[in-house]
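Residue 109 in full-length UniProt numbering is what sits at position 109 of the sequence shown, and the numbering runs on without skipping anything.
Backbone N, C-alpha and C fix where the C-beta goes; we use that ideal spot for every residue, glycine too.
Everything below concerns the one structure shown next.
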Amino acid sequence: MFKQFFELFRKDNLLQQAYDRSLEMLEADREMFLAASSSLREHDDARIEIDIYAKDQLINAYEREVRRKVLTHLALTSSKSIAAGLALVSIVIDIERIGDLTKNIVDLALRHPGKLDCGSLEPDVRKIETTVKTMFTLLIEALPSGDEAKAKEVMSEHWWIARRADEILNSLIVREDPDLVCGEAVSAALYVRFLKRISAHLMNIASSVVNPFDRIGFRDDDLENPQDDE
Numbered sequence: 001m002f003k004q005f006f007e008l009f010r011k012d013n014l015l016q017q018a019y020d021r022s023l024e025m026l027e028a029d030r031e032m033f034l035a036a037s038s039s040l041r042e043h044d045d046a047r048i049e050i051d052i053y054a055k056d057q058l059i060n061a062y063e064r065e066v067r068r069k070v071l072t073h074l075a076l077t078s079s080k081s082i083a084a085g086l087a088l089v090s091i092v093i094d095i096e097r098i099g100d101l102t103k104n105i106v107d108l109a110l111r112h113p114g115k116l117d118c119g120s121l122e123p124d125v126r127k128i129e130t131t132v133k134t135m136f137t138l139l140i141e142a143l144p145s146g147d148e149a150k151a152k153e154v155m156s157e158h159w160w161i162a163r164r165a166d167e168i169l170n171s172l173i174v175r176e177d178p179d180l181v182c183g184e185a186v187s188a189a190l191y192v193r194f195l196k197r198i199s200a201h202l203m204n205i206a207s208s209v210v211n212p213f214d215r216i217g218f219r220d221d222d223l224e225n226p227q228d229d230e
């Protein structure tokens, strides 16, 4: 969808500013996620290299700024760019929620004694982690140019993550790995859930590149995917 609006953004200063700010927000989300996951998974002392809470406040401020710029633009211009403005507002909601989820990961790291090890589920959790990192990179590359191929890749990756995350959660509930102590199992379940939700929000944002406004957040008809409740 965004490809058809790039020329419009270039012609309208307010929309361009709002769009640029949205990309800055997504970059900040990526930085926060990398730091939060590293804190939980790589450090015994929950050490974190950046101030996650300050970053989150910045993202919240940027979200309000984008809303103001879009509202001002819509109040002053014709109806041609209404869909573009509404799409931007939709995107920044997902971006802000990703920031909240990275805070959840940091809170989990602060409460978890030592780095999180998911036992026999570790390979699957690592694969999901790595894929979410890749999704951030693909999305940051896809948005500025309206690259539908990369956006569809992000969307496709989410659906297997959603399925595998549910399988991991079910495995933890029935204690398929008896060696995984209660605290580790609960922490692993929370972390996998956070990863799944971050993936879902990245998928929603990617769908804005592929789908018309009324289908933002929904799967592309060309992708054979199961239903997902996030």
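Query                                                                                                                           : Result
Cα-Cα separation, Leu71 to Glu63                                                                                                : 12 Å
Neighbourhood of Ile216 by C-beta distance below 6 Å, restricted to the same chain and skipping five residues each side         : Ser90, Ser207, Ser208
Cβ shell of Asp179 (< 8 Å), same chain only, five flanking positions each side left out                                         : Gly119, Ser120
7 Å CB neighbourhood of Glu42 in its chain, flanking five on each side removed                                                  : Lys115
Pair within 7 Å by beta-carbon distance, Leu202 and Val154                                                                      : yes
When Leu88, Ala84, Ala149 are compared against Val26, the one with the closest alpha-carbon                                     : First, the amino acid is wrong: residue 26 is Leu here, not Val. Minimum Cα distance to Leu26 is reached at Leu88.
Reduced DSSP secondary structure (H/G/I, E/B, other) of Leu15                                                                   : helix
Other residues of its chain near Ala165: CB distance less than 6 Å, five sequence neighbours each side excluded                 : Val192, Lys196
Asn13 to Pro113 span [Cα, whole Å]                                                                                              : 49 Å
Classification of Thr137 by the beta-carbon crowding that lies within 10 angstroms, buried from 16 upward                       : exposed
Local conformation of Cys182 per DSSP, three classes                                                                            : helix
Alpha-carbon spacing of Asp94 relative to Asn204, whole angstroms                                                               : 7 Å
Contacting residues, own chain, Cβ-Cβ under 8 Å from Ile52 (five flanking each side not counted)                                : Met32, Ala35, Ala36, Thr102, Lys103, Val106
Where Glu96 sits in the DSSP three-state scheme                                                                                 : helix
8 Å CB neighbourhood of Asp222 in its chain, flanking five on each side removed                                                 : Note on Asp222: pLDDT 46, under 50, position unreliable in the model; the coordinate value appears next. Excluding sequence neighbours, Asp222 sits near Lys152.
Distance between Arg97 and Arg21 (C-alpha atoms, nearest Å)                                                                     : 16 Å
Which listed residue (Phe194, His73, Asp100, Glu167) has its alpha carbon closest to that of Ala54                              : Asp100
Leu40 versus Leu190: straight-line alpha-carbon distance, rounded                                                               : 12 Å
Assumed close pair Glu141, Lys150 - CB separation to whole angstroms, cut-off 8 Å                                               : 6 Å
Every unbroken alpha helix (DSSP H) within the UniProt domain "PhoU" (24 to 108), with a cutoff of 4 residues, ordered by chain : 52 to 76
Contact set for Ile82: own chain, Cβ-Cβ below 7 Å, skip 5 residues either direction                                             : Leu74
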